[in-house]
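Presented below is the structure to which this report refers.
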Amino acid sequence: MAQFAKVFQSGNSQAVRLPKEFRFDVDELEITREGDAVILRPIASTKERWGFLRKALSRRFSEDFVQQERGQPDAEERPGLDELFR
Numbered sequence: 288m289a290q291f292a293k294v295f296q297s298g299n300s301q302a303v304r305l306p307k308e309f310r311f312d313v314d315e316l317e318i319t320r321e322g323d324a325v326i327l328r329p330i331a332s333t334k335e336r337w338g339f340l341r342k343a344l345s346r347r348f349s350e351d352f353v354q355q356e357r358g359q360p361d362a363e364e365r366p367g368l369d370e371l372f373r
């Protein structure tokens with residue numbers, strides 16, 4: 288069964304009062320439009336967005352991680368740049 292929400296002005300913005308069962312437990316939402324529909328999606332907090340990286344970095348690397356061949360070229364000799372960045 289469809290539910291309905293009230294639309295009202297809040298300053299220069301239009302606001303929608305969502306029914307209790309549609310409330311979001313976040314501070315920000317992503318808003319997209321598809322045809323005549325407006326879609327609201329919760330945005331993960333910064334902590335949640337970067338959590339996967341923190342978790343990956345907290346794992347230990349194997350002993351031979353740095354010794355593995357990565358196919359990188361030798362460093363170039365650039366005396367002019369070396370002087371510039373001293």
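Residue 323 in our numbering is what sits at position 36 of the sequence shown, and the numbering runs on without skipping anything. Glycine included, every Cβ here is placed at the ideal spot set by N, Cα and C. Predicted model only: the values in this text are computed from it and were never measured.
Checklist entry - Residues in its own chain within less than 7 Å of V313 by CB, not counting five upstream and five downstream? => result In the sequence shown, residue 313 corresponds to position 26, counting from 1. Within the same chain, P329, I330 come within 7 Å of V313 by CB-CB distance, once the 5 residues on both sides are set aside.
Next on the checklist: Pop quiz: L305 and I318 are said to be a contact at Cβ under 8 Å. What is the actual Cβ separation, rounded to whole angstroms?
Outcome noted: One-based indexing of the sequence shown puts residue 305 at position 18. One-based indexing of the sequence shown puts residue 318 at position 31. With 8 Å as the limit, L305 and I318 do not qualify as a contact, their Cβ atoms being about 13 Å apart.
Checklist entry - How many whole angstroms separate the CB atoms of F291 and A302, which I take to be in contact at a CB cut-off of 8 Å? => result Translated into positions along the sequence shown, residue 291 becomes position 4. Translated into positions along the sequence shown, residue 302 becomes position 15. Contact flag wrong, Cβ pair sits at about 15 Å.
Item to check | Straight-line Cα distance separating R336 from S300 | outcome: The residue labelled residue 300 in the question sits at position 13 within the sequence shown. The residue labelled residue 336 in the question sits at position 49 within the sequence shown. So the two alpha carbons sit approximately 28 Å from each other.
Checklist entry - By DSSP, does F339 sit in helix, in strand, or in coil? => result Stepping through the sequence shown from its first residue, residue 339 is reached at position 52. Helix at F339.
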